[in-house]
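Residue numbers (our numbering): 182 to 491. Every residue, glycine too, gets a C-beta built ideally from N, C-alpha and C. Okay, structure first, notes after.
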Amino acid sequence: MSMDKSVLICDQVAPILNEILQKNGLKITYEPEITPDQIKEKISNFDIVVVRSRTKITKEMIDNATQCKIIARVGVGLDNIDVDAAKTKGIRVINAVEGAMNAVAELVLGLMLSMAREIPRADREIRNGKWLKKELMGSELSGKYLGIVGLGNIGKRLAKLARGLNMNIIGFDVMPIADDFARDVGLIKADIDTLLSSADYISFHVPLTETTHHLVNAKRLSTMKKTAYIINTSRGEIIDEDALYDALKEGKIAGAALDVFEKEPAVGNKLTTLANVVCTPHIGAQTKEAQTLAANVIGEKIIMILRGVI
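See below:
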(Lines of atoms letter the chains of each structure in order from A; the text may use other names.)
(Lines give C-alpha, C1' and ligand atoms only; values in the text may rest on other atoms or scores of the structure.)
Protein backbone atom coordinates (compact mmCIF):
# COMPACT_ATOMS: atom_id res chain seq x y z
CA MET A 182 0.00 0.00 0.00
CA SER A 183 1.08 3.55 -0.73
CA MET A 184 1.94 5.63 2.33
CA ASP A 185 0.29 8.64 0.65
CA LYS A 186 -2.68 8.50 3.00
CA SER A 187 -4.79 11.07 4.85
CA VAL A 188 -5.48 10.86 8.58
CA LEU A 189 -8.23 12.55 10.60
CA ILE A 190 -7.38 12.82 14.30
CA CYS A 191 -10.61 13.59 16.17
CA ASP A 192 -9.37 13.91 19.77
CA GLN A 193 -6.42 15.33 21.65
CA VAL A 194 -3.50 12.89 21.45
CA ALA A 195 0.15 12.94 22.47
CA PRO A 196 2.38 14.68 19.87
CA ILE A 197 4.38 11.50 19.21
CA LEU A 198 1.50 10.15 17.08
CA ASN A 199 1.64 13.10 14.67
CA GLU A 200 5.42 12.80 14.52
CA ILE A 201 5.34 9.11 13.60
CA LEU A 202 2.66 9.54 10.94
CA GLN A 203 4.20 12.65 9.36
CA LYS A 204 7.66 11.07 9.33
CA ASN A 205 6.18 8.30 7.20
CA GLY A 206 4.58 10.69 4.73
CA LEU A 207 0.97 10.65 5.93
CA LYS A 208 -1.09 13.83 5.68
CA ILE A 209 -2.54 14.79 9.09
CA THR A 210 -5.72 16.75 9.80
CA TYR A 211 -5.77 17.41 13.54
CA GLU A 212 -9.22 18.46 14.83
CA PRO A 213 -9.42 17.57 18.54
CA GLU A 214 -12.71 19.48 18.99
CA ILE A 215 -14.48 18.18 15.87
CA THR A 216 -18.23 17.59 16.25
CA PRO A 217 -20.18 14.48 15.20
CA ASP A 218 -21.87 16.39 12.37
CA GLN A 219 -18.49 17.60 11.10
CA ILE A 220 -17.13 14.04 11.18
CA LYS A 221 -20.10 12.78 9.14
CA GLU A 222 -19.46 15.54 6.63
CA LYS A 223 -15.67 15.11 6.36
CA ILE A 224 -14.99 11.42 7.00
CA SER A 225 -15.28 10.44 3.33
CA ASN A 226 -12.05 12.34 2.64
CA PHE A 227 -9.87 10.22 4.94
CA ASP A 228 -8.14 6.85 4.81
CA ILE A 229 -7.55 6.65 8.57
CA VAL A 230 -9.56 7.98 11.52
CA VAL A 231 -8.08 8.27 15.02
CA VAL A 232 -10.08 8.78 18.23
CA ARG A 233 -9.70 8.57 21.98
CA SER A 234 -12.77 8.39 24.25
CA ARG A 235 -14.52 11.70 23.50
CA THR A 236 -15.50 10.83 19.94
CA LYS A 237 -18.01 8.12 19.02
CA ILE A 238 -17.70 6.59 15.56
CA THR A 239 -21.24 5.52 14.62
CA LYS A 240 -22.61 3.35 11.85
CA GLU A 241 -23.82 6.48 10.07
CA MET A 242 -20.29 7.90 10.07
CA ILE A 243 -18.85 4.59 8.88
CA ASP A 244 -21.39 4.45 6.06
CA ASN A 245 -19.99 7.79 4.89
CA ALA A 246 -16.37 6.61 5.25
CA THR A 247 -16.05 5.54 1.64
CA GLN A 248 -12.23 5.42 1.52
CA CYS A 249 -11.46 4.60 5.15
CA LYS A 250 -9.21 1.57 5.81
CA ILE A 251 -8.35 2.00 9.52
CA ILE A 252 -10.14 3.32 12.61
CA ALA A 253 -7.73 3.62 15.52
CA ARG A 254 -8.55 4.11 19.20
CA VAL A 255 -5.72 5.62 21.26
CA GLY A 256 -6.84 3.66 24.30
CA VAL A 257 -8.30 0.32 25.32
CA GLY A 258 -12.07 -0.01 25.00
CA LEU A 259 -13.78 -0.06 21.61
CA ASP A 260 -17.35 0.58 22.74
CA ASN A 261 -17.24 4.10 21.25
CA ILE A 262 -16.72 2.58 17.79
CA ASP A 263 -19.33 0.56 15.90
CA VAL A 264 -16.95 -2.34 15.31
CA ASP A 265 -19.53 -4.49 13.50
CA ALA A 266 -20.30 -1.72 11.00
CA ALA A 267 -16.59 -1.22 10.40
CA LYS A 268 -16.05 -4.95 9.89
CA THR A 269 -18.88 -5.06 7.36
CA LYS A 270 -17.13 -2.37 5.33
CA GLY A 271 -13.72 -4.04 5.61
CA ILE A 272 -12.28 -1.36 7.91
CA ARG A 273 -9.59 -2.44 10.39
CA VAL A 274 -10.27 -1.33 13.97
CA ILE A 275 -7.23 -1.17 16.25
CA ASN A 276 -6.54 -0.06 19.80
CA ALA A 277 -3.63 0.35 22.22
CA VAL A 278 -4.19 -1.94 25.17
CA GLU A 279 -0.47 -1.77 25.95
CA GLY A 280 -0.61 1.96 26.64
CA ALA A 281 -3.01 1.92 29.60
CA MET A 282 -1.86 -1.29 31.25
CA ASN A 283 0.32 0.14 34.03
CA ALA A 284 -1.59 3.40 34.51
CA VAL A 285 -4.91 1.65 35.18
CA ALA A 286 -3.33 -0.96 37.44
CA GLU A 287 -1.65 1.76 39.52
CA LEU A 288 -4.93 3.68 39.79
CA VAL A 289 -6.63 0.55 41.14
CA LEU A 290 -3.97 0.29 43.85
CA GLY A 291 -4.46 3.96 44.68
CA LEU A 292 -8.22 3.50 44.95
CA MET A 293 -7.83 0.43 47.16
CA LEU A 294 -5.49 2.31 49.49
CA SER A 295 -7.89 5.26 49.51
CA MET A 296 -10.68 3.00 50.75
CA ALA A 297 -8.57 0.94 53.13
CA ARG A 298 -7.23 4.03 54.89
CA GLU A 299 -10.18 6.39 54.26
CA ILE A 300 -7.82 8.91 52.69
CA PRO A 301 -10.54 11.02 51.00
CA ARG A 302 -12.46 11.34 54.28
CA ALA A 303 -9.31 12.17 56.23
CA ASP A 304 -8.41 14.91 53.76
CA ARG A 305 -11.95 16.29 53.64
CA GLU A 306 -12.44 16.42 57.41
CA ILE A 307 -9.09 17.96 58.26
CA ARG A 308 -9.89 20.74 55.79
CA ASN A 309 -13.19 21.18 57.69
CA GLY A 310 -11.29 21.61 60.95
CA LYS A 311 -11.83 18.10 62.30
CA TRP A 312 -9.03 15.86 63.60
CA LEU A 313 -10.41 12.31 63.29
CA LYS A 314 -7.32 10.39 64.38
CA LYS A 315 -9.24 7.98 66.65
CA GLU A 316 -12.08 7.40 64.20
CA LEU A 317 -9.90 6.71 61.18
CA MET A 318 -8.95 3.14 62.01
CA GLY A 319 -8.01 1.67 58.64
CA SER A 320 -6.95 -1.74 57.43
CA GLU A 321 -3.95 -3.04 55.48
CA LEU A 322 -3.98 -4.52 52.01
CA SER A 323 -1.34 -7.07 52.96
CA GLY A 324 -2.90 -10.49 53.41
CA LYS A 325 -6.25 -9.52 51.89
CA TYR A 326 -7.81 -11.35 48.94
CA LEU A 327 -8.01 -9.37 45.70
CA GLY A 328 -10.45 -10.74 43.14
CA ILE A 329 -9.61 -9.73 39.57
CA VAL A 330 -12.40 -10.18 37.02
CA GLY A 331 -10.70 -10.18 33.63
CA LEU A 332 -7.07 -11.25 33.30
CA GLY A 333 -6.05 -9.37 30.19
CA ASN A 334 -3.04 -7.06 30.10
CA ILE A 335 -4.39 -4.73 32.78
CA GLY A 336 -5.64 -7.49 35.05
CA LYS A 337 -2.31 -9.30 34.85
CA ARG A 338 -0.38 -6.12 35.61
CA LEU A 339 -2.60 -5.46 38.61
CA ALA A 340 -2.04 -9.01 39.87
CA LYS A 341 1.73 -8.51 39.76
CA LEU A 342 1.58 -5.17 41.56
CA ALA A 343 -0.83 -6.45 44.20
CA ARG A 344 1.31 -9.50 44.77
CA GLY A 345 4.15 -7.11 45.59
CA LEU A 346 1.94 -5.79 48.41
CA ASN A 347 1.53 -9.35 49.71
CA MET A 348 -2.09 -9.63 48.63
CA ASN A 349 -3.63 -12.97 47.73
CA ILE A 350 -4.97 -13.08 44.17
CA ILE A 351 -8.19 -14.75 42.99
CA GLY A 352 -8.78 -14.61 39.24
CA PHE A 353 -11.62 -15.18 36.80
CA ASP A 354 -11.65 -14.87 33.02
CA VAL A 355 -13.79 -16.31 30.26
CA MET A 356 -10.52 -17.23 28.55
CA PRO A 357 -8.17 -19.81 30.08
CA ILE A 358 -5.68 -18.31 32.54
CA ALA A 359 -2.16 -19.53 31.80
CA ASP A 360 -0.80 -21.87 34.46
CA ASP A 361 2.67 -20.28 34.45
CA PHE A 362 1.20 -16.83 35.11
CA ALA A 363 -1.01 -18.23 37.88
CA ARG A 364 2.06 -19.81 39.49
CA ASP A 365 4.08 -16.59 39.19
CA VAL A 366 1.57 -14.52 41.18
CA GLY A 367 0.10 -17.32 43.28
CA LEU A 368 -3.28 -16.83 41.60
CA ILE A 369 -6.24 -18.94 42.65
CA LYS A 370 -8.51 -19.63 39.67
CA ALA A 371 -12.22 -19.43 40.44
CA ASP A 372 -15.60 -18.97 38.80
CA ILE A 373 -17.01 -15.45 39.07
CA ASP A 374 -19.54 -16.24 41.81
CA THR A 375 -16.93 -17.89 44.01
CA LEU A 376 -14.63 -14.93 43.45
CA LEU A 377 -17.32 -12.39 44.37
CA SER A 378 -18.26 -14.21 47.56
CA SER A 379 -14.65 -14.76 48.66
CA ALA A 380 -12.64 -11.61 47.88
CA ASP A 381 -12.05 -8.59 50.11
CA TYR A 382 -11.43 -6.33 47.12
CA ILE A 383 -12.85 -6.96 43.64
CA SER A 384 -11.51 -5.15 40.57
CA PHE A 385 -13.13 -5.37 37.13
CA HIS A 386 -11.18 -5.41 33.86
CA VAL A 387 -13.60 -6.64 31.21
CA PRO A 388 -14.89 -5.04 28.01
CA LEU A 389 -18.49 -3.91 27.74
CA THR A 390 -20.49 -6.56 25.86
CA GLU A 391 -24.00 -8.00 26.03
CA THR A 392 -22.63 -10.61 28.43
CA THR A 393 -20.87 -8.16 30.76
CA HIS A 394 -23.65 -5.52 30.84
CA HIS A 395 -24.82 -5.44 34.49
CA LEU A 396 -22.48 -8.33 35.25
CA VAL A 397 -22.72 -7.11 38.84
CA ASN A 398 -26.38 -7.02 39.85
CA ALA A 399 -28.38 -7.12 43.08
CA LYS A 400 -28.19 -10.90 43.31
CA ARG A 401 -24.40 -10.99 42.98
CA LEU A 402 -23.93 -8.05 45.35
CA SER A 403 -25.93 -9.96 47.96
CA THR A 404 -23.36 -12.77 47.93
CA MET A 405 -20.41 -10.52 48.73
CA LYS A 406 -18.88 -10.02 52.16
CA LYS A 407 -20.16 -7.03 54.13
CA THR A 408 -16.52 -6.00 54.44
CA ALA A 409 -15.86 -6.20 50.67
CA TYR A 410 -14.96 -3.33 48.35
CA ILE A 411 -15.61 -2.97 44.61
CA ILE A 412 -13.27 -1.14 42.23
CA ASN A 413 -14.41 -0.43 38.68
CA THR A 414 -12.02 1.11 36.14
CA SER A 415 -13.38 -0.71 33.06
CA ARG A 416 -16.84 0.44 31.97
CA GLY A 417 -19.65 1.80 34.13
CA GLU A 418 -22.33 -0.33 32.51
CA ILE A 419 -20.93 -3.59 33.85
CA ILE A 420 -22.39 -2.67 37.25
CA ASP A 421 -26.09 -2.06 37.91
CA GLU A 422 -25.71 1.33 39.60
CA ASP A 423 -29.13 1.23 41.26
CA ALA A 424 -28.31 -2.13 42.84
CA LEU A 425 -24.86 -0.90 43.88
CA TYR A 426 -26.33 2.23 45.45
CA ASP A 427 -28.77 0.15 47.51
CA ALA A 428 -26.03 -2.28 48.61
CA LEU A 429 -23.74 0.55 49.68
CA LYS A 430 -26.45 2.56 51.44
CA GLU A 431 -27.73 -0.48 53.33
CA GLY A 432 -24.23 -1.61 54.36
CA LYS A 433 -24.39 -4.87 52.39
CA ILE A 434 -20.85 -4.14 51.17
CA ALA A 435 -18.26 -1.82 52.70
CA GLY A 436 -17.51 0.51 49.81
CA ALA A 437 -16.79 1.14 46.16
CA ALA A 438 -14.26 3.08 44.11
CA LEU A 439 -15.52 4.11 40.69
CA ASP A 440 -13.54 5.61 37.83
CA VAL A 441 -16.32 4.89 35.33
CA PHE A 442 -20.09 5.34 35.36
CA GLU A 443 -23.10 4.25 33.31
CA LYS A 444 -23.54 7.84 32.09
CA GLU A 445 -20.59 10.22 31.85
CA PRO A 446 -19.93 12.88 32.93
CA ALA A 447 -21.38 11.52 36.18
CA VAL A 448 -22.25 14.91 37.65
CA GLY A 449 -25.32 14.45 39.84
CA ASN A 450 -25.01 10.66 39.98
CA LYS A 451 -26.54 9.49 43.28
CA LEU A 452 -23.55 7.24 43.98
CA THR A 453 -21.43 10.37 44.43
CA THR A 454 -23.55 11.34 47.46
CA LEU A 455 -22.45 8.30 49.47
CA ALA A 456 -19.61 8.61 51.98
CA ASN A 457 -18.40 5.06 51.27
CA VAL A 458 -17.79 5.76 47.57
CA VAL A 459 -14.54 7.14 46.12
CA CYS A 460 -14.98 8.71 42.68
CA THR A 461 -12.59 9.71 39.91
CA PRO A 462 -13.58 11.11 36.46
CA HIS A 463 -12.53 8.27 34.13
CA ILE A 464 -8.80 8.91 34.58
CA GLY A 465 -7.57 5.30 34.40
CA ALA A 466 -5.28 5.93 31.43
CA GLN A 467 -4.86 9.62 32.12
CA THR A 468 -1.11 9.77 32.73
CA LYS A 469 1.53 11.42 30.59
CA GLU A 470 3.33 8.10 30.26
CA ALA A 471 0.23 6.13 29.26
CA GLN A 472 -0.93 8.66 26.68
CA THR A 473 2.52 8.86 25.12
CA LEU A 474 2.83 5.09 25.00
CA ALA A 475 -0.68 4.62 23.56
CA ALA A 476 -0.06 7.24 20.87
CA ASN A 477 3.26 5.60 20.01
CA VAL A 478 1.67 2.14 19.82
CA ILE A 479 -1.13 3.38 17.54
CA GLY A 480 1.31 5.22 15.28
CA GLU A 481 3.48 2.14 14.86
CA LYS A 482 0.46 -0.13 14.27
CA ILE A 483 -0.90 2.18 11.56
CA ILE A 484 2.44 2.20 9.75
CA MET A 485 2.79 -1.59 10.03
CA ILE A 486 -0.73 -2.10 8.62
CA LEU A 487 -0.03 0.21 5.70
CA ARG A 488 3.18 -1.69 5.00
CA GLY A 489 1.36 -5.00 5.15
CA VAL A 490 3.34 -6.22 8.16
CA ILE A 491 0.29 -6.88 10.35
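A direct Cα-to-Cα measurement between N261 and R488 gives close to 27 angstroms. Using a 10 angstroms sphere on the CB of S403, the tally of other CB atoms stays under 16, which defines it as exposed. G331 is the residue among A343, L368, G331, G367 whose C-alpha sits nearest the C-alpha of M356. In this structure, DSSP gives F362 a helical state, which the three-state scheme calls helix.
With respect to I434, I411 sits close: the two C-beta atoms are nearer than 8 angstroms. With contacts defined as CB atoms closer than 8 angstroms, A476 and V194 qualify as a contacting pair.
By DSSP's assignment, Y382 forms a beta bridge with L327, Y410.
For R254, the enclosing beta strand (DSSP E) starts and ends at 251-254. As computed with DSSP, K208 is found in a beta bridge with S187.
Annotation: the continuous alpha helix (DSSP H) that includes R308 extends over 300-308. Runs of the beta strand (DSSP E) spanning 3 or more residues and lying entirely within the region 412-451 occur at 436-439, in chain order.
In this structure, the alpha-carbon of L346 lies about 17 angstroms from that of G352. DSSP places G352 in the strand class (E or B) of the three-state scheme. When C-alpha distances from K186 are compared across G336, I491, I484, the shortest belongs to I484.
The bridge partners DSSP lists for V478 come to none.
Looking at the backbone, the Cα of Y211 and that of K370 are separated by about 45 angstroms. Where I243 is concerned, the enclosing alpha helix (DSSP H) starts and stops at 240-245. Counting along the chain, the unbroken beta strand (DSSP E) around V232 starts and ends at 229-232. Between K341 and I215, the alpha-carbon positions lie close to 39 angstroms from each other.
Contact between G432 and K451 fails: their C-beta atoms lie close to 16 angstroms from each other, not under 8 angstroms.
If you check the CB distance, V289 and S225 do not come in under 8 angstroms. Within the DSSP secondary-structure output, R273 pairs in a beta bridge with I251. With contacts defined by Cβ atoms closer than 8 angstroms, M282 and I220 do not form a contacting pair. Under the Cβ criterion (8 angstroms, minimum of three pairs), the region 464-471 does not count as touching the region 315-324. The residue among V387, F227, L313, K250 with its C-alpha nearest the C-alpha of I486 is K250.
For I373, the closest alpha carbon among the candidates A409, T414, I329, R364 is that of I329. Beta bridge pairing from DSSP links K370 with G352. Bridge partners of V458 according to DSSP: A437. Look at the beta carbons and you see the region 263-273 touching the region 238-253: at least three pairs across the two are nearer than 8 angstroms. In the DSSP annotation of this structure, the continuous segment of the alpha helix (DSSP H) that includes E279 starts and ends at 278-297. Judged by DSSP in its simplified three-state form, V264 adopts helix. At least 8 angstroms separates the beta-carbon of L425 from that of N457.
Residue range 217-223 is occupied by the alpha helix (DSSP H) that includes D218.
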